[in-house]
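A.B. asks:
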Amino acid sequence: MKENWLFIKTPDYYGKSEVIQIDEDIIDYFFVEKMDEICLIKNEIRNEKLSETEHKFINQNRIRFFRKGKIYKVLSDEKSVNEDCTFENDYEKLIATETELTETEIQNLKFEFNWNGEKKNLRFNEVLDSPVIQEINKRLNKEGSRIVLEKLNETLFVSLYIDNYLDKLIPIKYVDKQKMILYGFPKEPYEINCQIIPNPL
């Protein structure tokens with residue numbers, strides 16, 4: 001049975017969102033693209049065998065691949081060095097979101113996001129930027145940052161867009177009118193509870 005695993009972006013990674021499908025020993029790679037909705041576009045030039053990779057399971061829903069590579073450092077205008085290194089890439093297994101709410105009801109929720117000291121109150125489809133940044137974006141004809149609710153198969157996501165570019169996907173494990181559980185973060189805690197902020201009457 002094919003399982004979808006989301007590549008966990010670190011703050012210094014600027015590439016496209018990616019999903020792998022593991023089917024027994026075969027790993028296929030996909031880019032996540034936004035058309036009318038988010039969908040998977042197969043990377044035809046990349047697949048490999050799980051048994052031929054160096055990896056370990058962090059837990060039953062998280063796998064880490066170790067890949068050899070090089071880091072290039074520019075020391076000055078004339079001097080640069082490169083070093084051999086091992087990159088660690090984490091992937092989180094996507095599971096069906098548990099909820100009895102409709103997508104419209106979820107989109108109307110306001111929630112408290114608190115991960116490793118980063119604390120914000122968020123609502124879907126609202127601009128996240130400060131008024132000053134919004135004014136600059138308006139002059140530059142940019143849309144700014146916002147989060148939207150999206151779905152891939154049976155998994156709902158908090159999707160972060162920056163000027164129409166899909167920057168991050170955060171899977172939703174569970175949501176009701178009291179809390180939302182998000183998972184797939186780059187470092188611990190890998191999963192957080194977000195309290196729902198009641199709408200004023």
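The opening residue of the sequence shown carries number 1 in UniProt numbering; numbering runs sequentially from there. Note that CB positions come from ideal geometry on N, CA and C, so glycine has one too. Keep in mind that this is a model prediction, so the values were computed, not measured.
1. Could you check the C-alpha separation between residue 205 and VAL132 for me, to the nearest Å?
2. For LYS70, collect the residues of the same chain with a Cβ closer than 8 angstroms to its Cβ; drop the 5 residues on either side in sequence, then sort them by chain order.
3. Helix, strand or coil, according to DSSP, for GLN107 in the structure here?
4. Using a Cβ distance threshold of 8 angstroms, determine whether the stretch 118-135 contacts the stretch 145-152, with at least three qualifying pairs required.
5. Looking only at its own chain, which residues have a Cβ that is under 8 angstroms from the Cβ of ASP25, when we skip the five neighbours before and after it?
6. Taking the alpha helix (DSSP H) that PRO131 falls in, what are its first and last residues?
7. Can you tell me whether GLU18 is helix, strand or coil according to DSSP?
8. How would you label PHE157, buried or exposed, when you count the other beta carbons within 10 angstroms and need 16 or more for buried?
9. Based on Cα-Cα distance, which residue from LYS168, VAL74 and CYS194 lies nearest to LYS119?
C.D. replies: The structure says:
1. Here the chain covers residues 1 to 201 and nothing more, so residue 205 does not appear.
2. Mapped onto the sequence shown, residue 70 falls at position 70. The residues are ASN82, GLU83, ASP84 and CYS85.
3. Translated into positions along the sequence shown, residue 107 becomes position 107. Looking at GLN107 - three-state DSSP - the assignment turns out to be helix.
4. yes
5. The residue labelled residue 25 in the question sits at position 25 within the sequence shown. Excluding positions up to five away in sequence, the list reads LYS49, LEU50 and SER51.
6. Position 131 of the sequence shown, counted from the start, is the residue given in the question as residue 131. From DSSP, the alpha helix (DSSP H) with PRO131 extends over 131-139.
7. As a first step, residue 18 must be located in the sequence shown, where it is residue number 18. Reduced to three states, the DSSP call for GLU18 is strand.
8. Residue numbering aside, residue 157 sits at position 157 when the sequence shown is read from its first letter. Flag for PHE157 reads buried.
9. Taking the first residue of the sequence shown as position 1, residue 119 is located at position 119. Here the closest residue by C-alpha is CYS194.
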